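Student: Below you'll find the structure I mean.
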Amino acid sequence: MRFETMALHNGNEIDPHTGAASIPIYQASTFHQFSVDQPGVFDYARSGNPTRQALENAIAKLEGGCRGYAFASGMAAISTVFLLFSRGDHLIVSQDVYGGTYRFLTQVLSRMGIKTTFVDTSNLQAIEAAISPQTKAIYVETPSNPLLKVSDLRRIVKIAKNYNLLTIVDNTFLTPYFQQPLSLGVDIVVHSATKFISGHSDVVAGLVVVKDLDLAEQIRFLQNSFGAILGVQDSWLTLRGLKTLSARLETSTKNAEILACWLEQHPMIKKVYYTGLPTHPGHQVQTEQASGHGAVLSFDVGSGAIARQILSKVQLPIVAVSLGAVESILSYPAKMSHAAMPPEVRLQHGITDGLLRLSVGLENVEDIIQDLAQAIETKVSIMISRK
Amino acid sequence: MRIETKLAQIGTKKARTTGSINFPIYLATAYEHIGGVSTGYDYARSSNPTRHILEESIAMLEKGDAGFACSSGMAAIQTIMGLFSQGDHLIVSMDLYGGTYRLFEQVLNRYGIQFSYVDLRDIKAVEEAIQPQTKALFIETPTNPLMHVTDLQAITRLSKQYQLWTIVDNTFMTPYLLNPLELGANIVIHSATKYLGGHNDVLAGLIVTKGDELSERVRFLQQSIGATLSPMDSYLLMRGMKTLALRMERHQANAQGLAHFLKEHPLVDEVFFPEFDPNSKRILSEQAKGYGGMLSFRVKEAKLVQPFLEQLQVFTFAESLGGVESLLTYPATQTHADVPADIRQKVGVCDRLLRVSVGVEHIEDLEQDLAQALQRSEEIVYGSESK
């Protein structure tokens, strides 16, 4: 079965008791036990809830994994996965990883005796050089946020296997519609399902999918012990969003491609980061390991002053953190997603004061172009008049 | 303002633009920076208006400085445990909820955080357990399931002397009956799934902190770990809290009635209810407003348990507690299954012990149901001639 079909027909879409075309919202925290000796499938909703399970089963199928797990946020999913490690362990993590993940690793896990080395995971030698006897896993975001650096998952998996390391991939930007890391040999996939998977800026959620049953048992134990689970209503909303994932991504990716080309030719734009552009250094690898380039792009306008002008002049995109929604969202990484990163580290990673990130939505692309054009042009006229 | 009034007025007069009596459910994950400026809400994991009202309300009810809502009681506990680092030590109630025990012994242990389990009724034993690395006391009072009551005033005097934090799990008593922060505790946590939610339909955890520095640290952890409560569940929880006072009054009256009934029953060996223990009775009369709605009892022989549970008609045999419906739990195989059998026996959670969460049904229906189930189980186990 192909992805578009499986997103709708995955065995979790129909309520077996009534035939309802959508699984009910089981707003129950506990479940009656009909027998003392034979516990039912569900006992307490932190351990398992039928609505949440429908979502967990659906994402497991779509990512090609053996089990899925739903969490209260992307960070709750990531925090839970990091609980696999113990004091003394070492992790290798993508250098321009999401600011919230960076904060958790450097300010919470570090106190528990877990060390992290941040490396440019698009550079395989750098990964190999960072491996130590304590290293337990490689954690990769690809494409990375916000610079869209591409890491070669097949080759990273090969290195990880040589050294007996787990590989964990944050697949938020591409979703299983474009990229299925488990099929490339990755062990664990994490998602901020708040983004493309839910897609409507109305749910905060995280998902984890694992490749084998041994890991599944470990994650299930941690999900239940830590209890950072997704609520039932949000599980249902996420399932609902999942049904239109392929249609949404097709449209927003097409829009992103057109916008990237337009921005690249615009005289005021210093640089455009989008893996769909043949000039992007990761274009080739991305084409080999994913079936599309996604709907997020970043561009550098040269200075913080111009970036602020554009942010205040745009009419259509929401100026906000987050991404992956039906509406276009324009973000300012230096002050938003990467504000938790010290400025010197941020600049060293190329996240300049002039960098803007655009998550392209489902609007007509001509409208977005017109809007961006006027926001950028305004600045040009101001600059000329000042001269 | 008295607590009944505060509870009924949760969320009122807050929806300024519409005057809506109930605060709306804000599903939005992202918030526009209007004119480039944050409204105070940026991203729903950090702060959501609906969750915010709940957090403000529980802080007021517990007489603390800040409140935090998490996706489950366990998520609240794990978030608080983020305050500690490798090498730290905590002193913990002896007969602790099994899920908390599991998190401490199977997850946090791996980070080099150590726990000592002490009978907190014995202040001397507590003082003897204090080590140079001890950072906090973690208290359940009354304990689950043996209803041991801790003298919070005496304990917090001790922890102040040694500069330790006192963390109190106030799930059983709720702020309606007990305010640990007023007695000198620093942090209160709740499985709000229980009495605060009260309808067995929401999974939620709450944290209330005293002092600005501690509040800031917990805010950082809530945001970094991301185990936050969804807006829908935040709303349902506030809806439940509006009737907390009424429910607690009925829970207590029914529990007291059942405790006396069970105490006289020939098939019951022992009833654990604070009123029956002179020390617990004294402490609660000084520090709280009642005995709460929980009790446990030991039947004469373990073989009575299964037929008894199977004969119940009104009571639901399920995990969890604190809902309007009466629930019966078998701690040995349910709530405390993750505590090793020898430790369970040592602390008194034996296989003859049953825990009752007394609901708000009519007391006579509850008494009749227990009476008939006990009688039937006696007939099944001993044969009807034995009478």
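Chains as they are written, first to last, in our numbering: chain A, 1278 to 1664; chain B, 123 to 509. Quick reminder that beta carbons are idealized off the backbone N, C-alpha and C, glycines included. On a predicted model such as this, the values are computed, not experimentally measured, just so you know.
#1: Which residues in the same chain as A/Ala1337 place their Cβ atom closer than 7 Å to its Cβ, once the five residues preceding and following it in sequence are excluded?
#2: For B/Ser442 and A/Pro1594, I'd like the C-alpha separation in whole angstroms.
#3: Give the DSSP-derived three-state secondary structure of A/Met1660 in the structure shown.
#4: The beta strand (DSSP E) with B/Thr256 in it runs from where to where?
#5: Identify every residue that forms a DSSP beta bridge with B/Leu450.
#6: Quick check: the region 1282 to 1292 of chain A against the region 408 to 421 of chain B, are at least 3 beta-carbon pairs closer than 8 Å?
#7: Considering only the alpha carbon of each residue, which of A/Phe1311, A/Gln1647, A/Met1389 lies closest to A/Trp1539?
#8: Alpha helix (DSSP H) containing B/Val504: first to last residue?
#9: Please state the DSSP three-state secondary structure of B/Ala191.
#10: List the whole-angstrom C-beta distance separating A/Arg1634 from A/Val1562, where the pair is believed to meet the contact cut-off of C-beta under 8 Å.
#11: Within 8 Å of any Cβ in chain A, is that where the Cβ of B/Gln494 sits?
#12: I believe A/Gly1376 touches A/His1615 by the beta-carbon criterion, under 8 Å. Please report the beta-carbon distance rounded to the nearest angstrom.
#13: Does B/Arg224 come within less than 8 Å of chain A when only Cβ atoms are used?
#14: Going along the chain, which residues of its own chain have a beta-carbon closer than 7 Å to the beta-carbon of B/Asn322, five neighbours each way excluded?
#15: Exposed or buried, what is A/Pro1453 when buried is set at 16 or more other beta-carbons lying within 10 Å of its beta-carbon?
#16: Would you mind stating whether B/Trp287 and B/Asn308 have Cβ atoms separated by less than 8 Å?
#17: So, are the CB atoms of A/Thr1357 and A/Phe1503 less than 8 Å apart?
#18: Would you mind telling me which residues of chain A sit closer than 9 Å to B/Ser194, beta carbon to beta carbon, in chain order?
#19: Three-state secondary structure (DSSP) at A/Val1562?
#20: Is there a Cβ of chain B sitting closer than 8 Å to that of A/His1367, yes or no?
#21: Going by beta carbon distance, what residues of the same chain come within less than 8 Å of B/Glu392, once the five residues before and after it are set aside?
#22: Could one say the Cβ of B/Gly234 lies closer than 8 Å to chain A's Cβ atoms, at least one of them?
#23: Just to check my reading of the structure: A/Asp1447 and A/Ala1482 have Cβ atoms closer than 8 Å, yes? What is that Cβ distance to the nearest angstrom?
#24: Can you tell me which of the three DSSP states A/Glu1643 falls into?
#25: Helix, strand or coil: how does DSSP classify B/Asp391 here?
#26: Here's a check: name, in chain order, each residue in its chain whose Cβ is nearer than 7 Å to the Cβ of A/Gly1365, leaving out the five neighbours to either side.
#27: What is the C-beta distance between B/Gln275 and B/Gln409, in whole angstroms, given that I count them as a contact (C-beta under 8 Å)?
#28: Drop a sphere of 10 angstroms on the beta-carbon of B/Thr172, count the other beta-carbons inside from all chains shown, and report buried for 16 or more, exposed for fewer.
#29: Give a yes or no on contact between the region 1537 to 1555 of chain A and the region 1459 to 1479 of chain A, applying the rule of three or more CB pairs nearer than 8 Å.
#30: In chain order, what are the residue ranges of uninterrupted alpha helix (DSSP H) at least 4 long that sit wholly in the region 1511 to 1569 of chain A?
#31: Helix, strand or coil: how does DSSP classify A/Val1466 here?
#32: Quick check on the burial criterion: 16 or more other C-beta atoms within 10 angstroms. Buried or exposed for B/Ile235?
#33: Between the region 348 to 370 of chain B and chain A, which residues of the former have a C-beta closer than 8 Å to a C-beta of the latter?
#34: Quick one: which chain B residues come within Cβ less than 7 Å of A/Phe1675?
#35: Closest to B/His211 by C-alpha separation, out of B/Ser169, B/Val324, B/Asp241, B/Phe237, would be which residue?
#36: Name, please, each residue of chain B whose Cβ falls closer than 9 Å to the Cβ of A/Gly1581.
Tutor: On the basis of the data shown:
#1: For the purposes of this step, residue 1337 of chain A is taken as the residue at position 60 of the first sequence. Correct list, in chain order: Cys1343, Arg1344, Gly1345, Val1486.
#2: Position 320 of the second sequence, counted from the first residue, corresponds to residue 442 of chain B. Position 317 of the first sequence, counted from the first residue, corresponds to residue 1594 of chain A. Each residue's Cα considered, the two are about 45 Å apart.
#3: For the purposes of this step, residue 1660 of chain A is identified with residue 383 of the first sequence, where counting begins at 1. With a pLDDT of 48 at A/Met1660, under the threshold of 50, the predicted position of this residue should be treated as unreliable, though the coordinate-derived value follows. For A/Met1660, the three-state secondary structure derived from DSSP is helix.
#4: Here residue 256 of chain B refers to the residue found at position 134 when the second sequence is read from its first residue. Note, B/Thr256: beta strand (DSSP E), 256 to 262.
#5: On the second sequence, residue 450 of chain B is found 328 positions in, with the first residue counted as 1. Per DSSP, B/Phe439, B/Val478.
#6: Judged by Cβ distances under 8 Å, the region 408 to 421 of chain B makes no contact with the region 1282 to 1292 of chain A, as fewer than three pairs qualify.
#7: Stepping through the first sequence from its first residue, residue 1539 of chain A is reached at position 262. Minimum Cα-Cα distance from A/Trp1539 among the listed residues A/Phe1311, A/Gln1647, A/Met1389 corresponds to A/Gln1647.
#8: Counting from one through the second sequence, the residue named residue 504 of chain B turns up at place 382. Checking the sequence, you will find Tyr at residue 504 of chain B rather than Val. Counting along the chain, B/Tyr504 sits inside the alpha helix (DSSP H) bounded by residues 485 to 504.
#9: Taking the first residue of the second sequence as position 1, residue 191 of chain B is located at position 69. It is a strand residue.
#10: The count along the first sequence starts at 1 and reaches residue 1634 of chain A at position 357. The count along the first sequence starts at 1 and reaches residue 1562 of chain A at position 285. Actually they are not in contact, since the Cβ atoms of A/Arg1634 and A/Val1562 sit about 21 Å apart, beyond 8 Å.
#11: Locating residue 494 of chain B in the second sequence gives position 372, counting from the first residue. At least 8 Å separates the CB of B/Gln494 from every CB of chain A.
#12: Residue numbering aside, residue 1376 of chain A sits at position 99 when the first sequence is read from its first letter. Residue numbering aside, residue 1615 of chain A sits at position 338 when the first sequence is read from its first letter. Their Cβ separation, rounded to whole angstroms, is 4 Å, which keeps A/Gly1376 and A/His1615 in contact under 8 Å.
#13: In the second sequence, the residue the question calls residue 224 of chain B occupies position 102. Output row for B/Arg224: interface = yes.
#14: Taking the second sequence and counting its residues from 1, one reaches residue 322 of chain B at position 200. Closer than 7 Å at Cβ, skipping near neighbours: Ser442, Gly445, Glu447.
#15: Taking the first sequence and counting its residues from 1, the one referred to as residue 1453 of chain A is at position 176. Buried, since its Cβ has 16 or more Cβ neighbours within 10 Å.
#16: Counting from one through the second sequence, the residue named residue 287 of chain B turns up at place 165. Counting from one through the second sequence, the residue named residue 308 of chain B turns up at place 186. Yes. Within cutoff.
#17: Your numbering for residue 1357 of chain A matches position 80 in the first sequence. Your numbering for residue 1503 of chain A matches position 226 in the first sequence. Yes, they are a contact pair.
#18: Taking the first residue of the second sequence as 1, we reach residue 194 of chain B at position 72. When 9 Å is used as the limit between beta carbons, B/Ser194 is near these residues of chain A: Ala1322, Arg1323, Ala1349, Phe1503, Gly1504, Ala1505, Ile1506, in chain order.
#19: Within the first sequence, residue 1562 of chain A is the residue found at index 285, counting from 1. Helix, per DSSP.
#20: On the first sequence, position 90 is the one that residue 1367 of chain A refers to. Interface with chain B (8 Å Cβ-Cβ cutoff): A/His1367 is excluded.
#21: Position 270 of the second sequence holds residue 392 of chain B. By the criterion of a C-beta distance shorter than 8 Å, B/Glu392 is surrounded in its chain by Phe419, Arg420, once the five residues flanking it on both sides are discounted.
#22: Residue 234 of chain B sits at position 112 when you count from the first residue of the second sequence. Closer than 8 Å to the CB of B/Gly234 there is at least one CB belonging to chain A.
#23: Within the first sequence, numbered from 1, the residue matching residue 1447 of chain A stands at position 170. Within the first sequence, numbered from 1, the residue matching residue 1482 of chain A stands at position 205. Their Cβ separation, rounded to whole angstroms, is 14 Å, which puts A/Asp1447 and A/Ala1482 out of contact at 8 Å.
#24: Here residue 1643 of chain A refers to the residue found at position 366 when the first sequence is read from its first residue. Here A/Glu1643 sits in helix by DSSP.
#25: By 1-based counting over the second sequence, the position of residue 391 of chain B is 269. Three-state result, B/Asp391: strand.
#26: Position 88 of the first sequence holds residue 1365 of chain A. Around A/Gly1365, the same chain offers Gly1390, Gln1411 as residues with beta carbons nearer than 7 Å, after the five sequence neighbours per side are excluded.
#27: Here residue 275 of chain B refers to the residue found at position 153 of the second sequence. Here residue 409 of chain B refers to the residue found at position 287 of the second sequence. The pair is a contact, with the Cβ atoms about 6 Å apart (cut-off 8 Å).
#28: For the purposes of this step, residue 172 of chain B is identified with residue 50 of the second sequence, where counting begins at 1. Burial is judged here by how many other beta carbons sit within 10 angstroms of a residue's own beta carbon; B/Thr172 has at least 16 and is buried.
#29: No contact exists between the region 1537 to 1555 of chain A and the region 1459 to 1479 of chain A.
#30: Every alpha helix (DSSP H) of 4 residues or more that sits fully in the region 1511 to 1569 of chain A is shown, in chain order, as 1522 to 1542, 1560 to 1566.
#31: Here residue 1466 of chain A refers to the residue found at position 189 when the first sequence is read from its first residue. Strand, per DSSP.
#32: Sequence index remark: in the second sequence, residue 235 of chain B carries index 113 (1-based). Buried.
#33: Those residues of the region 348 to 370 of chain B that come within reach of chain A (Cβ to Cβ, closer than 8 Å) are Gly348, Ala349, Thr350, Leu351, Ser352, Met354, Asp355, Leu358.
#34: The question about residue 1675 of chain A has no answer, for chain A in this structure spans 1278 to 1664.
#35: In the second sequence, residue 211 of chain B corresponds to position 89, counting from 1. Looking at B/Ser169, B/Val324, B/Asp241, B/Phe237, the one whose alpha-carbon comes closest to that of B/His211 is B/Phe237.
#36: The residue you call residue 1581 of chain A lines up with position 304 of the first sequence. Residues of chain B whose Cβ lies closer than 9 Å to the Cβ of A/Gly1581 do not exist; the shortest such Cβ separation is about 12 Å.
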